[in-house]
Ligand code: NAD
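In the working numbering, the protein residues as written are 352 to 615.
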């Protein structure tokens, strides 16, 4: 019996086989969850459908999270298909490329709104839409980044959005707690994905990460998948409102360890 046997899990934010959502999907499938996927728009359909069929998943629905109607439509279809849902994974983020380089103070009003809408509000909107069919003991999960709490050059608007996302995680944990539903976030180290490549200077940031992190290794979607499995399974039955770092320990460091160079 798997850790998620008997649980229905919907994963939002699958774009391709590099997506963190794909690492999560594979871990969930391995542990017996019945899965459903949602993807942003038509352009991704040809990538997402083969991945879904690889895992034997036939609930695959388009949902642009900027649209309340599309969110309501997926929730409606999920209710018909699954009855109740145990797990919702929100692995979605977006900001215009213009907002991901240079000075943060140059962020446009429209760019600020867009990043907050797609990267933060969508988590709240999904939670509200699925609340009537979430089963007691269920879990909501989102993905965040260390740029929420410390300045990561060029991450700019996404850092501000992730700070709001982490705060939203705590507020929703408080709202949903009495129903026995937990709300958590994973703060992942840099991973080479479509979304990450939009951040100016990402390649250097990715390379420097492993030099600074105590474990001297980058993290993978599979690492996030296993952490998501813990947070969304009964193993984490009284863990809520948390941000779990999956980052080889990077966030505990104030500077790179100089001993490495001396000893090495
Ligand atoms: P990804 O590009 O594979 O996933 C991002 C997803 O967001 C895509 O599936 C995209 O289609 C979706 N999306 C964007 N706009 C949308 C919309 N309007 N409606 C519905 N979906 C929309 O990249 P990823 O790195 O796997 O990103 C997943 C999450 O992980 C994001 O929240 C990202 O910020 C976060 N994260 C990524 C890293 C990293 O280094 N890759 C690190 C920490 C956190």
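For every residue, glycine included, the Cβ atom is placed at its ideal position computed from N, Cα and C.
Please read all numbers here as calculations on a predicted model, not as lab measurements.
Pairwise C-alpha distance: residue j and residue i
i	j	result
residue 397	residue 607	42 Å
residue 417	residue 609	46 Å
residue 587	residue 354	11 Å
residue 525	residue 590	12 Å
residue 560	residue 472	29 Å
residue 513	residue 422	21 Å
residue 502	residue 432	43 Å
residue 382	residue 409	18 Å
residue 358	residue 454	44 Å
residue 413	residue 393	7 Å
residue 564	residue 434	43 Å
residue 356	residue 595	23 Å
residue 614	residue 553	Bear in mind that a pLDDT of 49 at residue 614, under 50, signals an unreliable position, so the number given afterwards is only what the model happens to contain. Spanning the two alpha carbons is a distance of roughly 29 Å.
residue 411	residue 427	13 Å
residue 368	residue 390	13 Å
Proximity of residue i and residue j at Cβ, strictly below 7 Å
i	j	result
residue 593	residue 535	yes
residue 628	residue 570	The requested residue 628 does not occur in the structure, where the chain is confined to residues 352 to 615.
residue 361	residue 469	no
residue 375	residue 600	no
residue 465	residue 495	no
residue 578	residue 550	no
residue 395	residue 366	yes
residue 379	residue 403	no
residue 538	residue 505	no
residue 345	residue 523	This structure does not reach residue 345, given that the chain is present from 352 up to 615, and the question cannot be answered.
residue 446	residue 509	yes
residue 582	residue 492	yes
residue 490	residue 533	yes
residue 430	residue 484	yes
Strand pairing of residue i, partner residues [DSSP]
i	result
residue 538	495 and 596
residue 413	390
residue 533	490
residue 439	361 and 491
residue 385	359
Classification of residue i by the beta-carbon crowding that lies within 10 angstroms, buried from 16 upward
i	result
residue 371	buried
residue 611	exposed
residue 603	exposed
residue 442	buried
residue 487	exposed
residue 450	buried
residue 585	exposed
residue 529	exposed
residue 567	exposed
residue 518	exposed
residue 437	buried
residue 407	exposed
residue 574	buried
residue 401	exposed
Check: residue i C-beta below 6 Å from any heavy atom of the ligand GTP
i	result
residue 544	Here the bound small molecules are the ligand NAD; the ligand GTP is not part of this structure.
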